[in-house]
Amino acid sequence: MLMRQVDLKAMAVRPISISYLIQTANQFDCDIYMMSSRESANVKNYDEMKKVKMNMSPLVFYFKGSDEEEAGDRIQRIFTLS
């Protein structure tokens with residue numbers, strides 16, 4: 002299992018749409034979960050993702066599966082290049 006933390010305070014002003022995050026996650030076979038300060042969600046599940054409030058607390062992503070390294074790199078790039 003791989004873990005990556007994303008600090009939303011360090012992000013650009015433009016927010017990331019959850020649909021883009023979900024589409025990116027669905028390109029990988031591994032399981033991808035996200036935890037905010039109080040909530041967790043399966044990143045591939047729209048209903049779970051729309052309930053998560055992405056405030057200024059750090060987000061922690063968990064990846065488990067055969068392509069977890071590639072998925073972790075791609076998700077982290079979404080938040081650093083936006």
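Under my numbering, residues 2 to 83 are what the sequence shown spells out, in order. We treat Cβ as the ideally placed atom computed from N, Cα and C, and that holds for glycine.
Spatial distance of residue i from residue j (CA atoms)
i: residue 49; j: residue 63; result: 15 Å
i: residue 58; j: residue 9; result: 7 Å
i: residue 35; j: residue 66; result: 15 Å
i: residue 56; j: residue 24; result: 21 Å
i: residue 16; j: residue 54; result: 12 Å
i: residue 72; j: residue 26; result: 7 Å
i: residue 42; j: residue 33; result: 9 Å
i: residue 21; j: residue 39; result: 22 Å
Rounded Cβ spacing between residue i and residue j (contact assumed at less than 8 Å)
i: residue 4; j: residue 61; result: 6 Å
i: residue 52; j: residue 19; result: Not really, about 10 Å apart at Cβ, beyond 8 Å.
i: residue 68; j: residue 31; result: 5 Å
Assigned exposure category for residue i - 16 Cβ within 10 Å defines buried
i: residue 70; result: exposed
i: residue 45; result: buried
Host beta strand (DSSP E) of residue i (start-end)
i: residue 41; result: 41 to 43
i: residue 4; result: 3 to 7
i: residue 30; result: Unbroken run through residue 30: none, as it is neither H nor E.
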